[in-house]
Amino acid sequence: MTGPQRTPGVLGVDVGGTKVALRAEAAGRPAYERSFRWPPGADLAGDLAALAAEVNRLRDVWGPVGAVGVAMPATTDPAGTVTTWPGRPGWAGLDLAGALRRLFPDAATAVADDGDLAALAEARRAGADDVVYLGVGTGIGGGVVLAGRSVPGRSSAEIGHMVVALDGERCDCGRRGCLQSIASGPATLRRAGAGRGAEVSFEDLRAALDERRTWAVAAVDASCRALAAAVVSLGELLDPALAIVGGGFAAGLPDFVPLVAERAHAAGRPGRPAPPVRAAALGASSSLHGALELARDLAGLPVPVRPVPTP
Ligand SMILES: [Zn+2]
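Heads up, the sequence shown is in the numbering used here, so the first residue is 34 and it goes up one at a time.
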């Protein structure tokens with residue numbers, strides 16, 4: 034267990050509002066993958082203690098890591114301080130970069146936006162250098178990769194707040210018509226509920242889509258059209274090779290991504306067809322794999338064509 038020549042691994046950490054996923058990889062060792070929930074009712078100190086306990090467990094069970102990439106949904110400033118995080122408000126003001134240096138004193142560490150990292154992982158998995166990624170879940174995250182790199186680089190791509198309908202629904206950010214105010218999972222369920230005249234759960238929606246119920250088909254179509262508008266506009270601006278649609282909500286509805294593709298295709302114009310739309314390959318773990326890609330970049334490791342599967 035204690036071979037001194039053992040290569041330090043790379044670690045990806047996907048930090049979420051309710052849980053955290055970790056995955057470590059190294060040549061010649063099975064990958065380590067584990068997730069944990071934040072302790073109920075914990076404050077910032079409690080969260081950091083839970084994270085430290087998991088990092089110690091990783092070291093004991095699996096071994097050392099030489100580079101750590103962290104995917105964060107929170108807004109962080111260029112120095113690595115958390116500006117705001119509605120998911121865990123106690124983290125606002127945390128010097129995250131400093132906290133990571135203390136957790137991993139012997140490793141290079143970096144933090145990036147989870148949508149940007151998900152885009153990077155999906156782009157590398159698809160073998161494409163120019164990709165836009167849209168992740169449809171509680172909100173809409175996403176990212177843009179051009180020439181193999183995340184853009185805009187100095188901040189995150191905020192695809193969920195692209196305005197696709199000036200007079201549309203009110204977004205959490207206060208503005209009307211942001212993509213996520215129309216096409217996120219909760220927005221789609223709200224629209225379905227209004228059409229049905231009763232509250233609609235995700236399972237209700239999926240079952241009603243199978244039965245081709247009008248209220249369900251209409252609610253999902255409106256979301257897919259808004260996403261197609263974003264894809265077509267991103268296509269005009271960036272001419273990506275691919276638009277990749279992921280996130281838990283999209284992944285749970287088999288017809289969702291094909292419908293976005295169809296709506297986008299129909300909105301192309303002569304000389305500028307819409308980018309082809311494809312379902313995400315990494316499912317719910319795009320950001321975790323993106324965090325690993327960040328760690329790999331820090332360690333100067335070659336980029337694998339495909340992630341190493343867990344044995
Ligand atoms: Zn918004």
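Heads up, the beta-carbon is just placed ideally off N, CA and C, and yes, glycines get one too. Predicted model, so just to flag it, every value in this text is computed and none were measured.
Can you tell me whether residue i sits near ligand 1, meaning its C-beta is under 6 Å from at least one heavy atom of the ligand?
{"i": "R203", "result": "no"}
{"i": "R311", "result": "no"}
{"i": "R208", "result": "yes"}
{"i": "C211", "result": "yes"}
{"i": "H194", "result": "yes"}
Residues bridged to residue i by DSSP?
{"i": "A276", "result": "V165, V310"}
{"i": "E58", "result": "V43"}
{"i": "R67", "result": "L55"}
{"i": "A259", "result": "BP columns for A259 are empty, so no partner."}
{"i": "A141", "result": "A100"}
{"i": "C211", "result": "V196"}
Confirm, please, whether the CB-CB distance from residue j to residue i is below 7 Å.
{"i": "V101", "j": "A328", "result": "yes"}
{"i": "L167", "j": "I192", "result": "yes"}
{"i": "A54", "j": "Y65", "result": "no"}
{"i": "V169", "j": "G280", "result": "yes"}
{"i": "A274", "j": "A161", "result": "yes"}
{"i": "T108", "j": "T117", "result": "yes"}
{"i": "S217", "j": "G172", "result": "yes"}
{"i": "A332", "j": "V310", "result": "no"}
Keeping to the same chain, check which residues put their C-beta closer than 7 Å to that of residue i; ignore five residues upstream and five downstream.
{"i": "G228", "result": "W248, A251, A252"}
Leaving out five residues before and five after residue i in sequence, what residues of the same chain have Cβ atoms less than 6 Å from its Cβ?
{"i": "R258", "result": "R296"}
{"i": "T35", "result": "Low confidence applies to T35: its pLDDT is 48, below 50, so where it sits in the model is not reliable, and the reading given next is rough at best. Closer than 6 Å at the Cβ level, and outside the excluded window around T35, lies no residue."}
{"i": "A314", "result": "R158"}
{"i": "G45", "result": "R56, G102, L321, A324, L325, A328"}
{"i": "A156", "result": "V164, V178"}
Hey, does residue i have any beta-carbon neighbour from chain B nearer than 7 Å?
{"i": "T40", "result": "Here chain B cannot be found, since the structure has a single protein chain."}
If I measure Cβ to Cβ from residue i and keep anything under 8 Å in the same chain, skipping five residues before and after, which residues do I get?
{"i": "C206", "result": "H194"}
Would you say the region 111 to 124 touches the region 73 to 92, given that touching needs at least three Cβ pairs under 8 Å?
yes
Three or more C-beta pairs under 8 Å: does that hold for the region 263 to 276 against the region 192 to 206?
yes
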